[in-house]
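In this text, residue positions in the sequence shown follow the numbering used here: the first is 808, and each later residue adds one. Every residue, glycine too, gets a C-beta built ideally from N, C-alpha and C.
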Amino acid sequence: IRMANQQAADYYAQAADYFYEHASQVTVEDNNRHGQSLWSAALNYDRAQLWDEAIKVYEQFIQTRHGDPKRLRAIRNLARAYMADRQYEPALAQFQRLIEDYPRSPETYSSLVNMAQCQEVVGQTEKAIETLTSVIDDHEAITPESGEYREALIELGRLYHTNGDNDPG
């Protein structure tokens, strides 16, 4: 399984390289194809777990594709790539950017638990607890039936357990 996963990662990396090269070639002549290839390159670098390349291409996508509907996903994916690369401060900055600029987007809702995890790693445990508690207690769009709610509840329990605190509720 490990060899198959490594082979898949290699293929994703090759595909990403081809998509990125294609995006570079069609920049002037076809803006739409440029955006599609740039997005595909970023996703494939992400799947190959080549975080430096994924970060670079997600940043380029965000900078050049202001009207693209995938832009919010790119910001979320950029933050997750930083997080996977253990660059928690930049990841936290991207999550906060997403939350401040697009507070009612599905990408924002799906980023709250990741943001709390980054907050905990950088020593902002109280903020992490506040973020998770806001998801569980009074979030306007996240209900107990949603995956985000369950993730927040599990993460909050883990956070209390790790810190040796009792859940005040």
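| Item | Value |
| --- | --- |
| Local Cβ density within 10 Å of R887, reported as buried at 16 or more and exposed below that | buried |
| contact_flag[the region 947-965, the region 906-926] where n(CB pairs < 8 Å) is 3 or more | yes |
| Whole-number beta carbon distance between E866 and V920, since they are thought to touch under 8 Å | V920 to E866, Cβ: 23 Å. No contact. |
| For V864 and A830, the rounded distance between their alpha carbons | 11 Å |
| Entirely enclosed beta strand (DSSP E) segments - the region 844-871, minimum 3 residues | none |
| Selected residue, minimal CA-CA separation from F826, among R965, D837, N812 and S847 | S847 |
| Ordered list of alpha helix (DSSP H) runs contained in the region 862-923, each at least 4 residues | 878-891, 895-908 and 913-916 |
| Residue range of the unbroken alpha helix (DSSP H) whose run includes A811 | R809 to Q832 |
| CB of E962 within 9 Å of CB of L939, strictly | yes |
| Under the three-state DSSP convention, the category V942 falls into | helix |
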